[in-house]
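Novice: Protein chains in written order, with UniProt numbering: chain E, 1 to 201; chain C, 1 to 201.
Just passing along the structure, written as C-alpha cells.
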C-alpha cells in the first residue's frame with residue numbers, strides 16, 4: 001500500500017538485514033569474537049546501517065543463530081525418523097551433530113551473548129523432534145520410561161554439547177563425535193534390566 | 001623475616017583477601033549478578049581495598065570458585081569410592097550433586113566470567129576422582145571400554161550440569177536430580193550387549 005518510495009526503502013532495508021544476518025552467520029561461524037564492524041564490512045553495509053537495524057551485538061548473534069537453526073530445521077526435516085526408534089535416533093544424532101559441528105564457533109558466540117533461556121527457546125524445533133522420537137521409542141518399548149521425557153531430551157543435547165567441549169579441549173576429533181554421542185545416548189535411554197544395544201558402526 | 005610492620009601488613013592483606021573471597025562465594029552463591037561493591041560491603045572492606053587485591057570481576061569469581069572447589073574436594077575426600085564401582089559412582093554423584101546444587105548461582109557466575117578451559121582446570125580434582133573410578137570400573141568389567149575414559153568423565157559432568165539447567169527451566173526439582181543423573185550415567189556407562197543395572201532408589 002506504500003508509495004513506490006517506501007516500498008523501495010522497505011525492500012532496501014530487507015536486503016540490508018538479510019546481508020547482515022548472512023554475514024554475521026559467516027563471520028561468527030569462523031570466529032566467535034568477530035566484531036560488528038567486521039560483520040558490517042562483510043555485509044557490504046556501513047556501521048550506521050547495521051546499528052539502524054540491530055541495537056546490540058546480542059541482537060546480531062540472536063539473528064545469526066535463528067538463521068542457522070532455521071537452516072538446521074530444514075535439514076532435520078529430511079531425516080527419516082520413522083522405523084526402529086533406536087536407528088532413527090542414530091540418524092538424528094548424525095545429522096544433528098553435522099549441524100552443530102558446522103556452527104561450533106557461532107554456538108560459542110551464542111553462549112556468550114544469549115541467555116540459557118533464549119538458547120533453549122531457539123532450539124524448540126530440534127527439541128520437539130527429539131521429544132516426539134523419545135515418546136514413540138517409549139511407547140514402542142525401546143526406551144526407558146523411568147525418567148521424564150524432558151530430561152531425556154536434555155541429556156541428548158547435553159551430551160552433544162559436551163562433544164563440542166571435548167573437541168575444543170583437543171581430546172576428541174570431529175569424525176568420532178557422532179559415534180560417541182550415539183553410543184552414549186542409546187545406552188542412557190535403555191530400560192534398566194535390559195541390554196544396551198550395540199552402537200551403529 | 002620482614003619487620004613487624006610488614007608482617008602486620010601482610011597479615012592484614014591476607015585477612016582482607018580471605019574476607020573478600022568468602023563474601024564473594026556467599027554473595028555470588030545467592031545471586032550470580034552480585035556487584036563488586038556488594039561483595040566489598042559484605043566483606044567489610046572498601047572498594048579500593050578490593051581493587052588492590054583483585055584487578056577484575058573475573059578474578060573475584062575465579063577466587064570464589066576455587067574456594068568452593070577446595071571445599072568440595074574436602075567433601076569428596078570423605079566419599080567411599082571403594083567396592084562395586086557402580087555403587088561407588090552413585091555415592092560420588094550424590095555427594096557431587098549436593099555440592100553443585102549448593103553452588104548453582106556461583107556456577108552461573110563462573111560460566112559467564114571464566115573461559116571453558118579455566119572451568120575445566122578448576123575441576124581437575126573432581127575430574128581425577130571420576131577418572132580413577134571409571135578406570136577401575138572398566139578394569140573390573142563393570143563399565144564399557146568402547147569409549148575413551150575422558151569422554152565418559154565429560155559425560156558425567158555434562159549430565160550433572162544439564163540437571164542445573166533443567167532446574168533453572170523449572171522442569172526438575174533438586175531432590176530428584178541425583179537419582180536422574182545416576183540412573184542416566186550408570187546406563188550410559190554400561191557395556192553394549194549387557195543389561196543396564198537397576199538404578200539405586
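Positions of the beta carbon are idealized from the N, C-alpha and C atoms, including for glycine.
Would you call residue 56 (chain C) buried or exposed, if buried means 16 or more other Cβ atoms sit within 10 Å of its Cβ?
Specialist: By the neighbour-count rule (16 or more Cβ atoms within 10 Å), residue 56 (chain C) is not buried but exposed.
Novice: Which residues in chain E have a C-beta closer than 7 angstroms to the C-beta of residue 180 (chain C)? List them in chain order.
Specialist: In chain order: 147 and 151.
Novice: Count the CB pairs spanning the segment 70-86 of chain E and the segment 124-133 of chain E that are closer than 8 angstroms, and state whether there are at least three.
Specialist: Contact between the segment 70-86 of chain E and the segment 124-133 of chain E is present, because at least three Cβ pairs lie under 8 angstroms.
Novice: Which full runs of the alpha helix (DSSP H) of 4+ residues lie inside the segment 112-139 of chain C, going along the chain?
Specialist: DSSP runs (the alpha helix (DSSP H)) wholly in the segment 112-139 of chain C: 116-122 and 124-139.
Novice: Along chain E, which residues have their Cβ under 9 angstroms away from the Cβ of residue 192 (chain C)?
Specialist: Under the 9 angstroms cutoff, chain E gives 183, 186, 187, 195, 196, 197, 198 and 199.
Novice: Which partner residues does residue 195 (chain C) have in the DSSP bridge list?
Specialist: For residue 195 (chain C), which the question treats as bridged, DSSP gives the partners E:195.
Novice: Relative to chain E, which residues along the segment 110-123 of chain C have a C-beta separation below 9 angstroms, given in chain order?
Specialist: Going along the segment 110-123 of chain C in chain order, one finds 111, 112, 116, 117 and 120 with a Cβ nearer than 9 angstroms to chain E.
Novice: Taking the straight line between their C-alpha atoms, what separation do you get for residue 162 (chain E) and residue 155 (chain C)?
Specialist: Approximately 7 angstroms, taken between the alpha carbons.
Novice: Apart from the five residues just before and just after residue 174 (chain E), which ones in its own chain have a Cβ nearer than 7 angstroms to its Cβ?
Specialist: If we look at residue 174 (chain E) and ignore the five residues flanking it on each side, its Cβ neighbours are 101 and 167.
Novice: For residue 200 (chain E), does the three-state DSSP call read helix, strand or coil?
Specialist: Coil, per DSSP.
Novice: Drop a sphere of 10 angstroms on the beta-carbon of residue 62 (chain E), count the other beta-carbons inside from all chains shown, and report buried for 16 or more, exposed for fewer.
Specialist: The residue is buried, with at least 16 neighbouring Cβ atoms inside 10 Å.
Novice: Which stretch, first to last residue, makes up the alpha helix (DSSP H) that contains residue 96 (chain E)?
Specialist: Its alpha helix (DSSP H) spans residues 85-102.
Novice: For residue 147 (chain C) versus residue 157 (chain E), is the C-beta spacing smaller than 8 angstroms?
Specialist: Cβ distance not < 8 angstroms, so residue 147 (chain C) and residue 157 (chain E) don't count as in contact.
Novice: Considering only the beta carbon of each residue, do residue 195 (chain C) and residue 195 (chain E) sit closer than 8 angstroms?
Specialist: Yes; because the gap between Cβ atoms is below 8 angstroms, this pair is in contact.
Novice: Leaving aside the five residues before and after residue 192 (chain E) along the sequence, list all residues of the same chain whose C-beta is less than 8 angstroms from its C-beta, in chain order.
Specialist: Counting only Cβ-Cβ distances below 8 angstroms, and skipping sequence neighbours, we find 144 and 146.
Novice: Taking DSSP as the reference, what is the three-state secondary structure of residue 172 (chain E)?
Specialist: Three-state DSSP puts residue 172 (chain E) in coil, outside helix and strand.
Novice: At a Cβ threshold of 8 angstroms, is residue 159 (chain C) touching chain E?
Specialist: Yes, residue 159 (chain C) lies at the interface with chain E (some Cβ there is under 8 angstroms from its Cβ).
Novice: Counting only beta-carbon separations shorter than 8 angstroms, does residue 130 (chain E) have a partner in chain C?
Specialist: So no, residue 130 (chain E) is outside the interface.
Novice: Thinking just about the alpha-carbon of each residue, which of E:12, E:48, E:59 and E:17 is nearest to the one in residue 110 (chain E)?
Specialist: For the residues E:12, E:48, E:59 and E:17, the minimum Cα distance to residue 110 (chain E) belongs to E:59.
Novice: Are the CB atoms of residue 20 (chain E) and residue 45 (chain E) nearer to each other than 8 angstroms?
Specialist: Yes, the Cβ-Cβ distance between residue 20 (chain E) and residue 45 (chain E) is below 8 angstroms.
Novice: Please work out which residues of its chain come closer than 7 angstroms, Cβ to Cβ, to residue 66 (chain C), disregarding the five sequence neighbours upstream and downstream, and give them in chain order.
Specialist: If we look at residue 66 (chain C) and ignore the five residues flanking it on each side, its Cβ neighbours are 122.
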